[in-house]
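A.B. asks: Can you keep this structure in mind? I'll have questions shortly.
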Amino acid sequence: MIAMTGLSKTYQMGDETICAVDHIDFQVKAGEFVSIVGPSGSGKSTLMNIIGLLDMADSGTYLLAGKDVTQLSDNEQAKIRNEKIGFVFQSFNLLPKMNALENVMVPLLYKGMGEKDAKARALEFLEKMKLTDRYQHLSCQLSGGQQQRVAIARALACSPDIILADEPTGALDSKTGTEIMELLAMLNDRGQTILLITHDLKVATKAKRVVTIGDGKLMDTGDAR
Ligand SMILES: Nc1ncnc2c1ncn2[C@@H]1O[C@H](COP(=O)(O)OP(=O)(O)O)[C@@H](O)[C@H]1O
Ligand SMILES: [Mg+2]
């Protein structure tokens with residue numbers, strides 16, 4: 000699903016060159032649930048943005064679902080991103096003036112699905128997230144855990160090859176965070192490939208494979224648990 004070799008990205012800050020992602024070799028196979036754990040400043044967001052085609056590496060190779068995505072134009076990147084990747088963020092990133100249903104429908108409509116089909120599909124995924132009774136609520140009228148479930152429904156409705164979750168429990172209390180992690184584990188049991196990024200080792204170890212990042216370097220012990 001993901002195969003990267005020698006991937007690097009540096010930032011120039013005045014005289015200083017920061018190697019935020021330093022020659023990373025990393026693979027995720029279809030059906031895996033992997034977490035990348037590391038402290039603040041270790042390069043997690045930079046790596047996540049590259050994996051999610053929101054940013055480009057300076058060097059190295061990155062194959063996503065067998066396709067070399069290192070040299071694509073912004074438009075081509077956006078197209079592959081919409082087709083293959085579902086994002087789940089710490090801050091949920093829902094559209095505040097839309098209700099839960101509309102939030103899940105937006106990317107489906109954007110993909111060209113008709114209104115009726117998009118609505119049916121959005122309701123199906125909201126039901127899977129046990130939000131049927133909340134679909135008319137605006138995001139601000141939902142709890143953090145409910146908002147994250149809407150965000151997960153939105154990601155899943157687009158049938159992504161992989162879900163990228165960036166600190167998905169970071170804004171939740173520990174009980175709700177645990178519920179969201181159990182939800183991700185259940186989705187993985189049903190075949191969804193998931194890559195999770197976190198600074199929290201307790202959250203990371205809920206995944207089936209944990210790799211650590213420090214100073215832009217990835218240590219993939221390959222331990223499947
Ligand atoms: N746009 C940027 N310009 C300069 N330095 C950056 C930029 N983004 C990140 N960095 C630096 O790259 C390193 C990794 O950052 P980041 O990927 O955000 O780490 P994390 O998400 O693990 O906290 C840090 O040293 C950070 O200061
Ligand atoms: Mg970060």
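0 is the number of the first residue of the sequence shown in numbering that gives the first Met the number 0; add one for each residue after it.
For glycine and all other residues, C-beta sits at the position ideal for the given N, C-alpha and C.
Buried or exposed for Asp-232, going by 16 or more other Cβ atoms inside 10 Å?
C.D. replies: There is simply no residue 232 to check, as the chain begins at 0 and stops at 224 in what is shown.
A.B. asks: Give the DSSP-derived three-state secondary structure of Asn-98 in the structure shown.
C.D. replies: Numbered from 1 along the sequence shown, position 99 holds the residue referred to as residue 98. Asn-98: strand per DSSP, three-state reduction.
A.B. asks: Select from Gln-140, Ile-84 and Ala-156 the residue whose C-alpha is nearest the C-alpha of Ala-119.
C.D. replies: As a first step, residue 119 is located in the sequence shown; it is residue number 120 there, counting from the start. Closest by alpha carbon: Ala-156.
A.B. asks: What is the rounded straight-line gap between the Cα of Ile-212 and the Cα of Gly-5?
C.D. replies: For the purposes of this step, residue 212 is identified with residue 213 of the sequence shown, where counting begins at 1. For the purposes of this step, residue 5 is identified with residue 6 of the sequence shown, where counting begins at 1. In a straight line, the C-alpha of Ile-212 is about 15 angstroms away from that of Gly-5.
A.B. asks: Between the Cα of Ser-90 and those of Met-12, Gln-145 and Glu-82, spot the shortest distance and give me the residue it belongs to.
C.D. replies: Walking along the sequence shown from the start, residue 90 turns up at place 91. Put simply, of Met-12, Gln-145 and Glu-82 the residue whose alpha carbon is nearest the alpha carbon of Ser-90 is Gln-145.
A.B. asks: Note the first and the last residue of the continuous alpha helix (DSSP H) segment covering Asp-188.
C.D. replies: Position 189 of the sequence shown, counted from the start, is the residue given in the question as residue 188. Element bounds for Asp-188: 173 to 188.
A.B. asks: For ligand 2, which residues have a Cβ under 6 angstroms from at least one heavy atom, in chain order?
C.D. replies: Lys-43 and Ser-44
A.B. asks: Quick check: the stretch 39 to 54 against the stretch 197 to 214, are there 3 or more CB pairs under 8 angstroms?
C.D. replies: Yes: the two stretches touch, three or more of their Cβ pairs being nearer than 8 angstroms.
A.B. asks: Could you give the C-beta distance for Leu-200 and Val-36, rounded to a whole number, given that I count them as a contact under 8 angstroms?
C.D. replies: Position 201 of the sequence shown holds residue 200. Position 37 of the sequence shown holds residue 36. With 8 angstroms as the limit, Leu-200 and Val-36 qualify as a contact, their Cβ atoms being about 6 angstroms apart.
A.B. asks: Whole angstroms are fine: how far does the CA of Met-55 sit from the CA of Ile-23?
C.D. replies: Position 24 of the sequence shown, counting from 1, holds the residue named residue 23. Position 56 of the sequence shown, counting from 1, holds the residue named residue 55. So the two alpha carbons sit approximately 14 angstroms from each other.
A.B. asks: With distances taken from CA atoms, which of Thr-45, Leu-107, Gly-65 and Leu-186 is nearest Asp-57?
C.D. replies: As a position in the sequence shown, residue 57 is number 58, starting the count at 1. Looking at the Cα atoms, Thr-45 is the closest of the given residues.
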